[in-house]
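Participant: Residue numbers (the numbering used here): 12 to 337.
Sending over a structure as structure tokens; questions will come in a sec.
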Ligand code: ATP
Ligand code: FE2
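Now the structure itself:
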């Protein structure tokens with residue numbers, strides 16, 4: 012069985028093709044990089060509209076399959092930016108209709124978790140999902156993926172990118188901040204905000220920008236932002252693991268490409284006698300393969316949505332999904 016998935020919740024439009032054993036046959040994407048300022052939803056949607064058809068063709072060619080051999084078409088139904096979601100939903104619907112194949116809508120956050128389960132061989136992990144727009148700690152309980160903790164304001168990647176933008180770094184700033192942080196010598200005091208299993212980053216961002224205006228060294232600032240923000244994530248994740256007595260932690264989202272974050276969570280896991288799992292880099296960030304794989308799981312478990320159930324949902328909650336495949 013082959014599934015083709017189209018991702019398009021934010022900056023990235025991606026197409027992936029996977030088979031029943033979670034082999035990734037193709038995973039191609041294109042990302043908008045705004046020259047100045049943040050992402051503009053309509054510009055991103057136009058970008059996705061231009062790129063999606065060539066990406067579908069490229070994915071089929073890379074996978075060495077004909078589109079007619081695809082058994083199910085999956086797409087990112089939400090959460091995300093309305094214009095981007097609509098563009099990708101329209102493309103997926105058209106493709107499914109043209110091929111005469113079923114269409115399945117997938118929750119983007121659940122897909123980050125499922126691709127990690129599928130690829131890393133962890134069966135029941137706590138997922139730390141840290142990306143630009145999202146920061147959540149998710150685990151399975153009684154038929155749903157429950158959000159144990161999340162950001163109360165902005166996503167962690169968003170915080171890093173906003174900091175970078177204000178100090179003149181190009182987008183995305185995460186990798187540059189990681190590089191600068193290596194030269195950090197002094198840990199500057201920044202607000203540390205963990206409330207139960209929830210976190211908040213806007214106070215940290217404001218304080219870091221203030222220190223920047225006061226002339227703090229860039230290396231120290233980046234180092235301190237990372238140490239503080241990642242410690243918050245690690246603490247909240249550990250609390251979730253302790254709460255449900257779970258000994259597997261899975262990482263997902265673009266920010267988990269950061270080696271310092273990996274080493275902090277890895278150390279925490281080791282101290283608890285738990286294991287950390289990290290998918291390949293291109294499966295951590297937004298990608299079509301995770302949508303294809305989750306769509307395939309849903310389809311195999313009998314999910315046959317009516318067309319009105321495939322409407323996009325900008326605020327599609329992780330715990331709104333009925334997990335029928337576990
Ligand atoms: P989502 O729609 O899930 O919120 P996204 O559009 O933010 O995802 P991702 O590719 O998952 O896309 O993540 C991008 C984020 O990851 C950016 O904020 C970027 O700065 C951050 N990032 C990438 N590499 C690193 C790194 N090495 N260290 C820290 N942050 C990083
Ligand atoms: Fe994502």
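We put the CB at the ideal spot given by N, CA and C, even for glycine.
Just so you know, these numbers come straight off a predicted model, no measurement behind them.
Using the beta carbon as the reference atom, which residues fall closer than 5 Å to any heavy atom of the ligand FE2, ordered along the chain?
Facilitator: Taking each Cβ in turn, the ones that pass are 142 and 297.
Participant: Quick check: does the Cβ of residue 7 come within less than 7 Å of any heavy atom belonging to the ligand ATP?
Facilitator: Coverage of the chain is limited to positions 12 through 337, which leaves residue 7 absent and any answer about it impossible.
Participant: Output the boundary residues of the alpha helix (DSSP H) element that contains residue 163.
Facilitator: Numbered from 1 along the chain shown, position 152 holds the residue referred to as residue 163. Segment: none, residue 163 is in no alpha helix (DSSP H) and carries neither H nor E.
Participant: Residue 305 by DSSP, collapsed to three states: which one?
Facilitator: Working through the chain shown from its first residue, we reach residue 305 at position 294. In this structure, residue 305 counts as helix in the three-state DSSP scheme.
Participant: Any idea which residues DSSP pairs residue 274 with across the strands?
Facilitator: Along the chain shown, one-based indexing puts residue 274 at 263. According to DSSP, which records beta bridges pairwise, residue 274 is partnered with nothing at all.
Participant: Is it the case that the Cβ atoms of residue 205 and residue 243 are separated by a distance below 8 Å?
Facilitator: Translated into the one-based positions of the chain shown, residue 205 becomes position 194. Translated into the one-based positions of the chain shown, residue 243 becomes position 232. Contact: yes.
Participant: Report all residues from its chain with a CB closer than 7 Å to the CB of residue 306; omit the five preceding and five following residues, and keep chain order.
Facilitator: If you number the chain shown from 1, residue 306 lands on position 295. Only 14, 16, 83, 85, 115 and 117 meet the Cβ criterion.
Participant: Identify which residue in 247, 241, 22 and 171 has its Cα closest to the Cα of residue 158.
Facilitator: In the chain shown, counting from the first residue as 1, residue 158 sits at position 147. Residue 158 has its Cα closest to that of 247, out of 247, 241, 22 and 171.
Participant: In terms of alpha-carbon separation, which member of 175, 300, 324 and 330 lies closest to residue 29?
Facilitator: Reading the chain shown from its first residue, position 18 is the one you call residue 29. Closest by alpha carbon: 300.
Participant: For residue 337 and residue 154, what's the separation of their Cα atoms in angstroms?
Facilitator: Here residue 337 refers to the residue found at position 326 of the chain shown. Here residue 154 refers to the residue found at position 143 of the chain shown. When rounded, the distance between both Cα atoms is 8 Å.
Participant: Examine the Cβ distances between the segment 56–64 and the segment 97–116 and report whether three or more of them are shorter than 8 Å.
Facilitator: Touching, per the Cβ criterion.
Participant: Have a look at 138, 212, 150 and 195 and flag the residue whose alpha-carbon is nearest the alpha-carbon of residue 202.
Facilitator: Within the chain shown, residue 202 is the residue found at index 191, counting from 1. Out of 138, 212, 150 and 195, 212 has the C-alpha closest to the C-alpha of residue 202.
Participant: Go ahead and pull the three-state DSSP assignment for residue 241.
Facilitator: Indexing the chain shown from 1 puts residue 241 at position 230. In this structure, residue 241 counts as helix in the three-state DSSP scheme.
Participant: For the 8 Å Cβ check, are there 3 or more pairs between the segment 62–74 and the segment 86–93?
Facilitator: Not touching, per the Cβ criterion.
Participant: Where in the segment 42–80 do unbroken runs of the beta strand (DSSP E), each at least 3 residues long, occur, reported from the N-terminal end onward?
Facilitator: None, since the segment 42–80 contains no complete beta strand (DSSP E) of that length.
Participant: For residue 287, which three-state DSSP category applies?
Facilitator: One-based indexing of the chain shown puts residue 287 at position 276. Residue 287: strand per DSSP, three-state reduction.
Participant: Specify the secondary structure class of residue 312 as computed by DSSP and reduced to three states.
Facilitator: Within the chain shown, the letter at position 301 stands for residue 312. Of the three classes helix, strand and coil, the one that applies to residue 312 here is coil, per DSSP.
Participant: Nearest to residue 137 by alpha carbon, out of 271, 144 and 152?
Facilitator: Walking along the chain shown from the start, residue 137 turns up at place 126. It is 152 whose Cα lies nearest to the Cα of residue 137.
Participant: Grouping DSSP H, G and I as helix and E and B as strand, with all else coil, what is residue 148?
Facilitator: Looking up residue 148 in the chain shown gives position 137. Strand at residue 148.
Participant: Less than 8 Å between the C-beta atoms of residue 55 and residue 107, yes or no?
Facilitator: By 1-based counting over the chain shown, the position of residue 55 is 44. By 1-based counting over the chain shown, the position of residue 107 is 96. For residue 55 and residue 107, no; Cβs fall outside 8 Å.
Participant: What I want to know is whether the C-beta of residue 22 ends up closer than 7 Å to one or more non-hydrogen atoms of the ligand ATP.
Facilitator: Along the chain shown, read from residue 1 onward, the residue named residue 22 stands at position 11. Yes, the beta carbon of residue 22 sits closer than 7 Å to at least one heavy atom of the ligand ATP.
Participant: Counting pairs of beta carbons, one from the segment 275–291 and one from the segment 116–135, are three or more of them closer than 8 Å?
Facilitator: The segment 275–291 is in contact with the segment 116–135.
Participant: Report the rounded CA-to-CA distance for residue 309 versus residue 272, giving the unit in angstroms.
Facilitator: Residue 309 sits at position 298 when you count from the first residue of the chain shown. Residue 272 sits at position 261 when you count from the first residue of the chain shown. Roughly 31 Å separates the two Cα atoms.
Participant: In whole angstroms, give me the CA-to-CA distance for residue 189 and residue 236.
Facilitator: On the chain shown, residue 189 is found 178 positions in, with the first residue counted as 1. On the chain shown, residue 236 is found 225 positions in, with the first residue counted as 1. Going from the Cα of residue 189 to the Cα of residue 236 covers about 10 Å.
Participant: Where residue 210 and residue 141 are concerned, what is the direct C-alpha to C-alpha distance, given to the nearest angstrom?
Facilitator: Start at 1 with the first residue of the chain shown, and residue 210 comes out as number 199. Start at 1 with the first residue of the chain shown, and residue 141 comes out as number 130. Residue 210 and residue 141: Cα-Cα distance of roughly 12 Å.
Participant: So residue 221 is in the alpha helix (DSSP H); what residue range does that whole segment cover?
Facilitator: By one-based count along the chain shown, residue 221 stands at place 210. First-last of the alpha helix (DSSP H) with residue 221: 213–224.
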